[in-house]
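For reference, the structure discussed in these notes is given below.
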Amino acid sequence: MSRFTIRLLALFIAWGVASAQAQEAMFDPGDIGKPGSRVGMGMRSLGPAKTDEESRSLIVQADGYAYLGDDVTLRQARLTALAEAKRLALQSAHTYIDSSTTVENGMLSSDRIEAKTRGSVRVLEQKDHGLQDGRYHIWIKAEVRYDLTPPKGQEVKALTSASAPLTVRAWTDQKHYTAGQSVTIHLWGNRDFYARVVDVMADGSIVQLAPNRYRSETLFKGGVTHTLPDPQQGDRFQLTVSPPFGEDRIVVYASSNPLGAAATREIGMGLGQYAGDRASLANVTRGLTLTPTGGAQGSTAGVAEFHEAEWRFTTTP
């Protein structure tokens, strides 16, 4: 058996047009837990308003400058300019969060989603422009992570509001599957978003489900539930459980701006396999464009919202 075949056994991807076994359900937070509701099926206590793991951040860009002087060396000026760029990046993130965490939807109009940055600035990209008009100039693209605390008792409605920070959910109909069962992935966002969806298999291999060769569009409409696979969107694969069994992780990288490109090796059915590990995929995905595109709501020059969500399910014979 080839290495390729072994790698795909954790979640066998069969050729053919995916059958639409269930109609898409509009995500209405009020439906969670209601008898007969498909929202939250297989996860009654959490519903799709919760994922197994998630992280929020802002991708920002900033310019730092530092003047040279008689007592300031070139190296010192460079370090000062970099520190200034990081400070301005953090300040920009604070300003953006503060302006986007007021929920404007009826009874929540006077409430605020408390946001707290984690204080660290991770530089994703840096350009050293050197001396310009007597100042040292450094430009950075950086990531600032933050946490949200919605108003108590209003967690679901607050985070699913279109005016709230970008929130994306992924889930399957069940948390556990047995051999031969088909898996359908559901995807929802509180507003339009760009996304990359991958399956991190039990053996660590990473298969990109969307976009793919036959579904090139990366912009998803907010407020509606999307499914993978979806033949109406061009998908030509099915997800069918087969050995070896274990845990699969569906990871969604979502942003208000177009995501960074990730090179994959075509493995058939329009799908691609990422050769690196999850950490490197996360890094290249964050290499996104920081200019307004007119596509996703909320895209702003110099600032992009980023949300990473993970959903896990297990398989057995």
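Residues -22 to -1, 1 to 295 in mature numbering (1 follows the signal peptide of the UniProt record, and there is no 0) are what the sequence shown lists, from first letter to last. All residues carry an ideal CB built from backbone N, CA and C; glycine is no exception. In this text, all values refer to a predicted model and were calculated from it rather than measured experimentally.
{"Query": "If I follow the unbroken beta strand (DSSP E) through ARG147, where does it start and stop?", "Result": "146 to 150"}
{"Query": "Count the CB pairs spanning the stretch 105 to 112 and the stretch 131 to 144 that are closer than 8 Å, and state whether there are at least three.", "Result": "no"}
{"Query": "Indicate the three-state DSSP secondary structure (helix, strand or coil) for VAL262 in the structure shown.", "Result": "helix"}
{"Query": "Exposed or buried, which one is residue 296 when buried takes at least 16 other CB atoms within 10 Å?", "Result": "Nothing about residue 296 can be reported from this structure: the residues present for the chain run from -22 to 295 only."}
{"Query": "Out of THR203, VAL185, VAL178, state which residue places its alpha-carbon closest to the alpha-carbon of PHE171.", "Result": "THR203"}
{"Query": "Could you tell me which residues DSSP puts in a beta bridge with GLN110?", "Result": "ARG113"}
{"Query": "Give me the residue from ARG113, LEU102, LEU36, LEU187 with the minimum Cα distance to THR73.", "Result": "LEU36"}
{"Query": "Measuring straight from C-alpha to C-alpha, what distance separates SER23 and ALA180?", "Result": "Note that SER23 scores 31 on pLDDT, short of 50, meaning its location in the model is unreliable; the coordinates nonetheless yield the value given after this. SER23 and ALA180: Cα-Cα distance of roughly 25 Å."}
{"Query": "Suppose contacts are defined by Cβ-Cβ distances below 8 Å. Is GLY248 in contact with THR242 by that definition?", "Result": "no"}
{"Query": "Considering only their Cβ atoms, is the gap separating ASP30 from ARG193 smaller than 8 Å?", "Result": "no"}
{"Query": "Between VAL38 and TYR124, what straight-line distance do the alpha-carbon atoms span, to the nearest angstrom?", "Result": "13 Å"}
{"Query": "For TYR45 and LEU68, what's the separation of their Cα atoms in angstroms?", "Result": "21 Å"}
{"Query": "If you draw a straight line from the C-alpha of ALA211 to the C-alpha of ALA240, how long is it?", "Result": "Here residue 211 turns out to be Gln, not Ala, going by the sequence shown. Going from the Cα of GLN211 to the Cα of ALA240 covers about 21 Å."}
{"Query": "How would you label residue 310, buried or exposed, when you count the other beta carbons within 10 angstroms and need 16 or more for buried?", "Result": "Lying before the first or after the last residue shown, residue 310 is absent from the chain, which here runs from -22 to 295."}
{"Query": "How would you call ALA287, buried or exposed, if buried means at least 16 neighbouring beta carbons within 10 angstroms?", "Result": "buried"}
{"Query": "I need the boundaries of the alpha helix (DSSP H) containing ASP76, first residue and last residue.", "Result": "52 to 78"}
{"Query": "Once the 5 residues before and after PHE284 are set aside, which same chain residues still bring their CB inside 6 Å of it?", "Result": "SER35, ILE37, SER233"}
{"Query": "Exposed or buried, HIS154, counting other C-beta atoms within 10 Å across all chains shown (16 or more means buried)?", "Result": "exposed"}
{"Query": "What's the call for GLU121, buried or exposed, on a 16-neighbour Cβ count within 10 Å?", "Result": "buried"}
{"Query": "Quick check on the burial criterion: 16 or more other C-beta atoms within 10 angstroms. Buried or exposed for GLN104?", "Result": "exposed"}
{"Query": "ARG53 to ASN235, Cα distance in whole Å?", "Result": "35 Å"}
{"Query": "Let's see if you can read the secondary structure: which residues bound the beta strand (DSSP E) around PHE215?", "Result": "215 to 218"}
{"Query": "Starting from LYS119, follow its DSSP beta bridges and name the residues at the other end.", "Result": "GLN39, GLU103"}
{"Query": "Where does PHE291 fall in DSSP's three states?", "Result": "strand"}
{"Query": "Tell me the DSSP bridge mates of TYR172?", "Result": "LEU197, SER233"}
{"Query": "Mind reading off the beta-carbon distance from LEU259 to ILE184? Whole number of angstroms is fine, and I expect it under 8 Å.", "Result": "6 Å"}
{"Query": "Based on DSSP bridge pairs, tell me the residues matched to ARG243.", "Result": "GLN251"}
{"Query": "Can the beta-carbon of ALA173 be found less than 8 Å from the beta-carbon of TYR114?", "Result": "no"}
{"Query": "Just the C-alpha distance for SER139 and ARG56, rounded to the nearest angstrom, thanks.", "Result": "43 Å"}
{"Query": "Expressed to the nearest angstrom, what Euclidean distance is found between the alpha-carbon atoms of residue 301 and LYS64?", "Result": "Since the displayed the chain opens at -22 and closes at 295, residue 301 lies outside it and no answer follows."}
{"Query": "Is the distance from the Cβ of residue 300 to the Cβ of PRO222 below 8 Å?", "Result": "There is no way to answer for residue 300, as the model of the chain reaches only from -22 to 295."}
{"Query": "Given this structure, state the Cα-to-Cα distance separating THR293 from LEU217, to the nearest angstrom.", "Result": "12 Å"}
{"Query": "Quick one, are the C-beta atoms of ASP226 and ASP151 less than 8 Å apart?", "Result": "no"}
{"Query": "Under the assumption that ALA40 contacts SER78 (Cβ atoms under 8 Å), give the Cβ distance between them as a whole number of angstroms.", "Result": "Going by Cβ atoms, the distance from ALA40 to SER78 rounds to 18 Å, so no, they are not a contact pair."}
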